[in-house]
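A.B. asks: Residue numbering for the sequence shown follows the UniProt record's numbering, beginning at 1 and increasing consecutively.
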Amino acid sequence: MMSKGKKFFMYAFLTIFSLLSIFPLYYMFCAATNKSIDVIAGKLIPGTYLIENYKSLIANQNLGLALWNSFRNSFILTVLCLLVCSIAGYGFEIYHDKGKDAVFTVLLTAMMIPFAAVMIPMFRMFSSLNMVNTMAAFMLPSISTPFMIMMFRQASRSFPHDIIEAARIDGLSELAIFFRMFFPTMRSTYAAAMTIVFMNAWNNYLWPKVILMTNESITMPMLVANLLGGYTVDYGMLMLGVFICTIPTAIVFFCLQKSFAEGITGAVK
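1. Compute the beta-carbon to beta-carbon distance between Y205 and A225, rounded to the nearest angstrom, for a pair I have assumed lies under 8 Å.
2. Using the rule of at least 16 other Cβ atoms within 10 Å of the residue's Cβ for burial, across every protein chain shown, is T109 buried or exposed?
3. Output the boundary residues of the alpha helix (DSSP H) element that contains F178.
4. Which of the three DSSP states, helix, strand or coil, is assigned to A267?
5. Buried or exposed for C81, please, with buried defined as at least 16 other CB atoms from any protein chain shown within 10 angstroms of its CB.
6. Could you check whether F138 and W207 sit closer than 8 Å to each other, using their CB atoms as the reference points?
7. Is it the case that the Cβ atoms of F57 and L240 are separated by a distance below 8 Å?
8. Assign A117 to one of two classes, buried (16 or more other C-beta atoms within 10 Å of its C-beta) or exposed (fewer than that).
9. With respect to the alpha helix (DSSP H) encompassing K161, which residues constitute its N-terminal and C-terminal limits?
10. By the three-class DSSP mapping on this structure, what secondary structure does L212 have?
11. To the nearest angstrom, how far is it from the Cα of V197 to the Cα of I244?
12. From K55 to N73, what does the alpha carbon distance come to, in whole angstroms?
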């Protein structure tokens with residue numbers, strides 16, 4: 001049993017930590033509802049300028065198009081990444097080959113290479129293939145990521161191999177084993193991976209900015225960056241854009257937070 005003193009300090013610490021974590025979101029909301037001059041002055045209470053900031057935002061930026069592009073890109077990229085990385089991770093663990101560990105080591109080594117180091121070579125490659133301003137060029141570098149493959153390989157280790165052998169004896173194909181047996185038991189892992197991939201895809205700014213050069217391809221991070229341009233910055237409108245950009249990822253995380261924790265720790269139901 002924990003003593004009352006320890007409980008008090010534990011709850012006090014958790015309360016302070018929670019308030020510090022929530023404060024940036026609270027400040028973001030307050031700034032989105034105030035005039036720019038009030039934001040600069042450091043006003044920390046909600047204002048009444050939310051509608052005006054929203055009108056200014058949709059008048060100066062194509063908010064609807066940016067939201068649609070971000071949702072579409074993030075959804076398609078998440079589905080493709082989960083499919084490719086889960087099959088790769090499953091294959092690395094289930095199938096036996098002398099060279100698979102060497103290939104996996106190369107994949108893990110690739111995690112240490114910063115994206116900025118390969119961004120220009122990738123752009124030149126896609127440019128030579130006439131793929132600039134295409135969805136394929138935007139998505140191909142992110143469809144298969146070493147971290148996701150490693151995550152699914154770790155999850156596959158807890159999947160009983162005897163079940164796979166029994167299914168093969170019963171005549172199930174390899175794809176049927178994957179989709180009918182492996183896939184349903186890894187729901188928590190898929191939920192955790194979906195959260196990570198969706199958040200990364202939604203918040204991705206640098207690569208879309210480089211490879212997608214038309215106004216019709218604008219995403220929410222690019223829209224927020226545009227609000228910082230010019231000689232003057234409307235901080236109320238800027239913070240409203242940031243707040244809107246934050247909502248989808250927050251919804252995805254809170255809806256999947258239980259499965260996210262289980263998937264990260266390798267739990268299998």
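We put the CB at the ideal spot given by N, CA and C, even for glycine.
Note that the structure is predicted; figures quoted are calculated from it, not measured.
C.D. replies: Per the coordinate set shown:
1. The residue labelled residue 205 in the question sits at position 205 within the sequence shown. The residue labelled residue 225 in the question sits at position 225 within the sequence shown. Right, the Cβ-Cβ distance comes to about 7 Å (below 8 Å), so this counts as a contact.
2. Your numbering for residue 109 matches position 109 in the sequence shown. Exposed, since its Cβ has fewer than 16 Cβ neighbours within 10 Å.
3. Taking the sequence shown and counting its residues from 1, one reaches residue 178 at position 178. No alpha helix (DSSP H) contains F178, which DSSP labels as neither H nor E.
4. Translated into positions along the sequence shown, residue 267 becomes position 267. With a pLDDT of only 44 at A267, under the threshold of 50, the placement of this residue in the model should not be trusted, and no figure is reported.
5. Stepping through the sequence shown from its first residue, residue 81 is reached at position 81. So C81 counts as buried.
6. Numbered from its first residue, the sequence shown carries residue 207 at position 207. Numbered from its first residue, the sequence shown carries residue 138 at position 138. With contacts defined as CB atoms closer than 8 Å, W207 and F138 qualify as a contacting pair.
7. Your numbering for residue 57 matches position 57 in the sequence shown. Your numbering for residue 240 matches position 240 in the sequence shown. Residue 57 is actually Leu in this sequence, not Phe. A contact, by the Cβ cut-off of 8 Å.
8. Sequence index remark: in the sequence shown, residue 117 carries index 117 (1-based). A117 comes out exposed.
9. Residue 161 sits at position 161 when you count from the first residue of the sequence shown. The sequence given here has His at residue 161, not Lys. Per DSSP, H161 belongs to the alpha helix (DSSP H) from 161-169.
10. In the sequence shown, counting from the first residue as 1, residue 212 sits at position 212. In the structure shown, L212 sits in coil (DSSP, three-state: anything other than H, G, I, E or B).
11. Stepping through the sequence shown from its first residue, residue 197 is reached at position 197. Stepping through the sequence shown from its first residue, residue 244 is reached at position 244. Cα to Cα, the separation comes out at about 19 Å.
12. Mapped onto the sequence shown, residue 55 falls at position 55. Mapped onto the sequence shown, residue 73 falls at position 73. Approximately 26 Å, taken between the alpha carbons.
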